[in-house]
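Those sequence lines, one after another, are chains A and B.
Position 237 of the first sequence, counting from 1, maps to 236 under numbering that gives the first Met the number 0, and the rest follow consecutively.
Position 188 of the second sequence, counting from 1, maps to 187 under numbering that gives the first Met the number 0, and the rest follow consecutively.
Using N, Cα and C, we set each Cβ at its ideal position, and we do this for glycine too.
These notes are about the structure you will find just below.
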Amino acid sequence: MRRIDAHVHGWLLLLPAMAFLALFTHWPAVATLVDSFYSTPRGSRPARFVGADNYAVMLDDPVFWQSVANNLWFAVGTIPVSIALAMLMALWVNDRLAGRAWLRVAFFTPTILPMIAVANIWLFFYTPQYGLLEQVTGLFGLPSHNWLGSRDTALACVILVAIWKEAGFFMIFYLAALQQIPPSLAEAAALEGASRACYLRRVVLPLLMPTTMFVLINAVINSFRLVDHIIVMTRGGPDNVTSLLLFYVYEVGFKFWDTAYAAALTMVLVVVLALVALGQYLFLERRTHYQ
Amino acid sequence: MSADARLSPFEPAGIGRWLETIAAWALAILWALPLLYAVWTAFHPSEFSTRFDLGAPLTLQNFANAWDAAPFARYFVNTVALVTLILVCQFVLCTLAAYAFARYRFAGADLAFFLVLMQLMVMPDILIVENYRTMARLGVLDSIPAIALPYVASAFGVFLLRQTFKTVPRELDEAARVEGAGSLRILLRVYVPLARPIYLAYGLVSVSHHWNNFLWPLIVTNSVESRPLTVGLQIFSSSDQGIDWSIITAATLLTSGPLLLAFLLFQRQFVQSFMRAGIR
């Protein structure tokens, strides 16, 4: 094959995908940055350059800060628990426990459901007076409580839903990793007289590290990317205690139609995700054995 | 899942095995509970929706009521059209791009690959404001292509297929070339067939992802003609036709039904596909 041909063919093959990527990923990312320095066009008034005004507004916006805090709490509440549960589920499904096919179905099924269906199911679960949760707490003689309508419990309820949905998904990756551990390692450890706990801690856990890293990155991204359950269950309320960043972008952009301010808010999300990417890159530089 | 006959010496044994089995089952039952509760409610008359009585009569009336109360048939058609459109475009675009990255040395390949991978982080899901504008400019708002367009070029798909194509032995490629086959023919006759399991895996992941996608379709559609199931379900369950949970849970199960059924029938393929697509 002649050299020029290789260049031309390569680019021709790439062109369709690149065109769509440019139009719906690269261009909007750049346009978001540009628009965040302009005012929102309204009626006959076109957008004008306002410098960092939108960002100044953002810094003074209590709802923005609350959404940031909520998002961090949401991530902190969701990620460690779902990763730990995922690991436990994978260990159990991997061991030949009785009925493990059923265990796998039970753990994995929430992953297949649309987040919006999940949210509907849990909305019913949490319903005051009728919901299953109320019935159970009622059995113990506890007073009725509006789980999603109360400032103290709303965010925790949403976190629980996210854990329920995600743990089974992450389990799959741990399961794959566990199955790739050569049996000879376990045999060697057994010869050395290691206990099960010791084997799990010293051999299995370190071997699962790359998987944990992969899962962690996915979990962080998901905690900033998925707000379907917020829209269905709480609409950010009560008093914005469940407003996550992307949900706030959605509200500002499509409820208040303040697109310039929404662009500035989106930039925060872009920066957060870029930092995650940077972290992943630095990590992969150090550990290249996982490709 | 692997057919490894050797039992690990660290399989739990004795009392520990019993305890772990019980704990695993307890967690599994806890995990299944919300869904089982929804199934109970959907298949019983509404007076039993929160009362557990094994003698309660089973009924499909809730499903019939839900089906009549909203244009779910149309929503189903829309969702099927949507996931098909996305899948076909993704297969074509990602295959071509992955082939370029796997087998061509061309100027700017590294930069181009970096630009593709960027989408793994800055995904269309968060660029909703600008993409809405673009759709408005293109004049395609409130249509199925508008939902699909941001997703048809998928960095994930390009990456996955590139990794796979790279494992195809060059000798096969060269042998076909000696016989006079052109590049596209080789792609279709050698690379694509060898990557079939990866296409299946990617297809399952893509279909279930877009069947379930909600925020972007919610923003970009506003008529029955273009709304997918997820958005239709949300509009149905948040309208004020009195909160009849039996009907809402029936509708919820209805919308996730096909995917759920496919999963229960082809569990192994699903789980393995998600694994394959995840371990890059």
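- The beta carbon of B/I143 sits closer than 7 Å to the beta carbons of N77, A80, L81, L84, S225 from its chain, once the five residues preceding and following it are set aside; these are given in chain order.
- Within the DSSP secondary-structure output, A/F48 pairs in a beta bridge with A/Y37.
- Proximity of B/W66 to chain A, defined by a Cβ-Cβ separation below 9 Å, is not satisfied.
- For B/N211, the C-beta contacts it makes with chain A under 7 Å involve P113, M114, in order along the chain.
- Listed by position along chain A, the residues whose Cβ is nearer than 7 Å to that of B/R104 are A5.
- If you compare the alpha carbons of A/S194, A/Y173, A/D238 with that of A/M208, the shortest gap goes to A/Y173.
- Judged by beta-carbon spacing, B/P33 lies beyond the 9 Å limit of A/L87, meaning their Cβ atoms are not closer than that value.
- Annotation note: the segment 169 to 208 of chain B contains no uninterrupted beta strand (DSSP E) run of length 3 or greater.
- The DSSP assignment places complete alpha helix (DSSP H) segments of no fewer than 4 residues inside the segment 211 to 279 of chain A at 227 to 232, 244 to 253, in order along the chain.
- If the five residues before and after A/T77 are omitted, its C-beta is found closer than 8 Å to the C-beta atoms of I158, A161, I162, E165, A218, S222, all from its own chain and listed in chain order.
- Counting of Cβ neighbours within 10 angstroms places A/E133 among the buried residues, the total reaching 16 or more.
- Within chain A, the residues A116, N119, I120 have their CB atoms less than 8 Å from the CB of B/T251, given in chain order.
- Using a Cβ-Cβ cut-off of 7 Å, B/A69 is close to nothing in chain A; its nearest Cβ partner there is about 14 Å away.
- Taking the C-beta atoms as reference points, B/A108 is found no nearer than 9 Å to B/A97.
- Judged by DSSP in its simplified three-state form, B/Y103 adopts coil rather than helix or strand.
- Taking the beta carbon of B/L95 as reference, the chain A residues within 9 Å of it are L11, L12, L13, L14, P15, A16, listed in sequence order.
- With a threshold of 9 Å between beta carbons, A/R47 makes no contact with chain B.
- Taking 9 Å as the cut-off, the beta carbon of B/F158 is found closer than this to the beta carbon of B/V115.
- Annotation for A/I216: V275, Q279 place their beta carbon closer than 7 Å to its own, counting only its chain and skipping 5 residues before and after.
- Taking 9 Å as the CB threshold, A/W26 lines the interface with chain B.
- For B/A63, not one C-beta of chain A is nearer than 9 Å to its own C-beta.
- Residue-level contact check: A/T258 touches chain B, since one or more beta carbons of chain B fall below 9 Å from its beta carbon.
- Taken through DSSP and simplified to helix, strand or coil, A/Q179 comes out as coil.
- B/S225 is outside the set of residues whose beta carbon lies under 9 Å from a beta carbon in chain A.
- Restricting attention to alpha helix (DSSP H) runs no shorter than 4 residues, the segment 48 to 119 of chain B encloses them at 60 to 68, 71 to 102, ordered along the chain.
- In the assembly as shown, B/R104 is an exposed residue. Its beta-carbon has fewer than 16 other beta-carbons within 10 Å.
- If the five residues before and after B/L228 are omitted, its C-beta is found closer than 8 Å to the C-beta atoms of F71, Y74, F75, N77, T78, W210, T254, all from its own chain and listed in chain order.
- With fewer than 16 other Cβ atoms inside 10 Å of its own Cβ, B/G179 counts as exposed.
- Contact residues of the segment 233 to 264 of chain A toward chain B are L245, V248, Y249, G252, F253, T258, A261, A262 (C-beta to C-beta distance below 8 Å).
- For the segment 118 to 139 of chain B, the set of residues with a beta-carbon nearer than 8 Å to any beta-carbon of chain A comprises Q118, L119, M120, V121, M122, P123, D124, I125, L126, I127, V128, E129, N130, Y131, R132, T133, in chain order.
- Contact between A/F36 and A/V49 holds, since their C-beta atoms are separated by about 7 Å, short of 8 Å.
- Residues of chain B whose Cβ lies closer than 7 Å to the Cβ of A/Y198 are, in chain order, F9.
- Counting C-beta pairs with one atom in each stretch, the segment 114 to 129 of chain B and the segment 215 to 225 of chain B have three or more that are closer than 8 Å, which means they touch.
- By a beta-carbon distance limit of 8 Å, B/A175 does not contact B/V191. Their separation comes to about 13 Å.
- A Cβ-Cβ separation of about 16 Å leaves A/A28 out of contact with A/A259 under the 8 Å criterion.
- Of the candidates B/A250, B/S153, B/V167, B/A250 places its Cα closest to the Cα of B/Q60.
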